[in-house]
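Residue numbers (UniProt numbering): 1 to 168.
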């Protein structure tokens, strides 16, 4: 059995930022009240000081339409090599702030926005977390493996996990 450690405020934002930055890619799910939900991979640009999570998006994309119709979204992050996982429920909004686009611009984004940061089809998605839960480990991979083998030999569960709610 792992340890439960809920995080609030600054510590919560730090954990959110740590896992999002490590994973870099998440699945953004929209249409949460429909079956099946609509999910797609998204590259995280930033977790700001308030805990909001930012992404680039095409103005003409279906996900922007889905967010406009229902702003409730779920983000799923997984960084398997570090055994870090994060689920974030939040409210999304489409943002057209050119200064923010410029501040978050990276050269790789030109793959999707061929006219660069001034591409008329570029927008931002800002997700404001409402509820989040994380799963993490206390040890690096080598220690995790040793604990797993020890647990298999002794028949005892080795406590290496930590999880908790993030409240911002």
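A virtual CB, placed ideally from N, CA and C, is assigned to each residue, including glycine.
Between residue i and the rest of its own chain, which residues show a CB-CB distance below 8 Å, the 5 nearest in sequence each way excluded?
{"i": "residue 104", "result": "45, 46, 54, 56, 124"}
{"i": "residue 66", "result": "30, 31, 38"}
{"i": "residue 71", "result": "91, 92, 93"}
{"i": "residue 73", "result": "28, 29, 30, 32, 67, 89, 90, 91, 92, 127"}
Do residue j and residue i come within 8 Å of each other at the CB atom, strictly closer than that value?
{"i": "residue 132", "j": "residue 16", "result": "yes"}
{"i": "residue 86", "j": "residue 134", "result": "yes"}
{"i": "residue 79", "j": "residue 23", "result": "yes"}
{"i": "residue 164", "j": "residue 6", "result": "yes"}
{"i": "residue 25", "j": "residue 43", "result": "yes"}
{"i": "residue 84", "j": "residue 19", "result": "yes"}
Within 10 angstroms of the Cβ of residue i, are there 16 or more other Cβ atoms? Answer buried if so, exposed if not.
{"i": "residue 136", "result": "buried"}
{"i": "residue 166", "result": "buried"}
{"i": "residue 108", "result": "exposed"}
{"i": "residue 36", "result": "exposed"}
{"i": "residue 41", "result": "exposed"}
Would you give the residue range spanned by the beta strand (DSSP E) that residue i belongs to?
{"i": "residue 90", "result": "84-95"}
{"i": "residue 30", "result": "25-30"}
{"i": "residue 37", "result": "Unbroken run through residue 37: none, as it is neither H nor E."}
{"i": "residue 112", "result": "Premise fails: residue 112 is in no beta strand (DSSP E) and is neither H nor E."}
{"i": "residue 53", "result": "53-58"}
Apart from the five residues on each side of it in sequence, which residues of its chain come closer than 6 Å, Cβ to Cβ, to residue i?
{"i": "residue 58", "result": "121"}
{"i": "residue 13", "result": "51"}
{"i": "residue 64", "result": "57, 94"}
Take residue i and list the residues in its own chain whose beta-carbon comes closer than 7 Å to its own, dropping the five residues that flank it on each side.
{"i": "residue 110", "result": "116"}
{"i": "residue 96", "result": "123"}
{"i": "residue 82", "result": "22"}
Could you check where the alpha helix (DSSP H) with residue i kicks off and where it finishes?
{"i": "residue 126", "result": "Run containing residue 126: none in the alpha helix (DSSP H); it sits in the beta strand (DSSP E), 122-137."}
{"i": "residue 45", "result": "Segment: none, residue 45 is in no alpha helix (DSSP H) and carries neither H nor E."}
{"i": "residue 65", "result": "62-69"}
{"i": "residue 103", "result": "98-104"}
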